[in-house]
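Going by the numbering used here, the sequence shown opens with residue 6, and the numbers climb by one from there.
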Amino acid sequence: PSETVMNKWYWICWICILKFAGAEEPKFRITLDEVVISDVDWDIFDQFDCTVYQINNRSYYDSNQIFKRDVDNFAVHAVLDFWKSNNQKMKMFDGHVDGCQFLDNVYKNRLFNIYAKNLRKHSKITFKCPFQAKVNYALRKMHFDERDFPTFVPYGKFRTNIEYLIDGNRTARIVVNGQITQ
6 PSETVMNKWY
16 WICWICILKF
26 AGAEEPKFRI
36 TLDEVVISDV
46 DWDIFDQFDC
56 TVYQINNRSY
66 YDSNQIFKRD
76 VDNFAVHAVL
86 DFWKSNNQKM
96 KMFDGHVDGC
106 QFLDNVYKNR
116 LFNIYAKNLR
126 KHSKITFKCP
136 FQAKVNYALR
146 KMHFDERDFP
156 TFVPYGKFRT
166 NIEYLIDGNR
176 TARIVVNGQI
186 TQ
């Protein structure tokens, strides 16, 4: 065979290898068991709610956030704890994030990027600062696609504790409990 034909076969083989190597279905499922919203400052929010539901072995949630006034000083304190199947607790993240910068930037942290991608995908409105009063920052059928994660994720339970800080004051708390299973 000519060198040109061999080069074509070489590239076709490489494309197939790359395509099928990345096509492996994840061997885990991320399930949200519960989302609890508390400590809402009703002087800031008109509405803040969330509903979790299951369809075809996948967790989804819908959320509505409506502010009473424009908000431009928005931060988040987030803690992500994970319990492996042997009940060993690991703190995956504990930190403050400027909410406005988070919405405008790409982060090196893969979890942040996955979350930001899903905000854009599951909302009809752009989440950006300043947040406008009387606008529903809604998420519909929000879920996490396991293919966005590494191929191996340990099984266990997780809890995310998120505090919204507006003008330096806590204005809402969200606790998400879930699990990673086969």
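Think of the CB as a built atom: it goes at the ideal place given N, C-alpha and C, for glycine as much as any other residue. Predicted, not measured: the structure shown is a model, and the values here were computed from it.
- For Lys162, the uninterrupted beta strand (DSSP E) run begins and ends at 161-171, by DSSP.
- By the Cβ rule, the region 169-184 counts as touching the region 47-62, because three or more pairs are nearer than 8 Å.
- The region 63-70 makes contact with the region 128-148; the number of CB pairs closer than 8 Å reaches 3 or more.
- A direct Cα-to-Cα measurement between Phe154 and Lys96 gives close to 18 Å.
- Contact between His148 and Tyr65 holds: CB atoms are separated by about 5 Å, below the 8 Å threshold.
- Classified as buried, Val181 has 16 or more neighbouring CB atoms from the shown chains inside 10 Å of its CB.
- One thing to note: Asp75 has its Cβ within 8 Å of the Cβ of Phe136.
- Using a 10 angstroms sphere on the CB of Ile130, the tally of other CB atoms stays under 16, which defines it as exposed.
- The shortest C-alpha to C-alpha distance from Asp54 to any of Lys89, Arg178, Asn174, Gly183 is the one to Arg178.
- Taking the CA atoms as reference points, His82 sits about 32 Å from Asn61.
- Taking the Cβ atoms as the reference, Val84 lies roughly 5 Å from Asp99, within the contact range of under 8 Å.
- Contact annotation: Asp38 and Gln184 have beta-carbon atoms nearer than 8 Å.
- Apart from the 5 residues on each side of it in sequence, Ser90 sits with its Cβ closer than 6 Å to the Cβ of Tyr160, Gly161 in its chain, given in chain order.
- Comparing alpha-carbon positions, the option among Thr176, Phe79, Val158 lying closest to Arg34 turns out to be Val158.
- In the DSSP secondary-structure assignment, Ala83 is bridged to Gly100, Ile167.
- DSSP, read as helix, strand or coil, puts Lys133 in coil.
- By the Cβ neighbour-count rule, Val41 is exposed, with fewer than 16 other Cβ atoms within 10 Å of its own.
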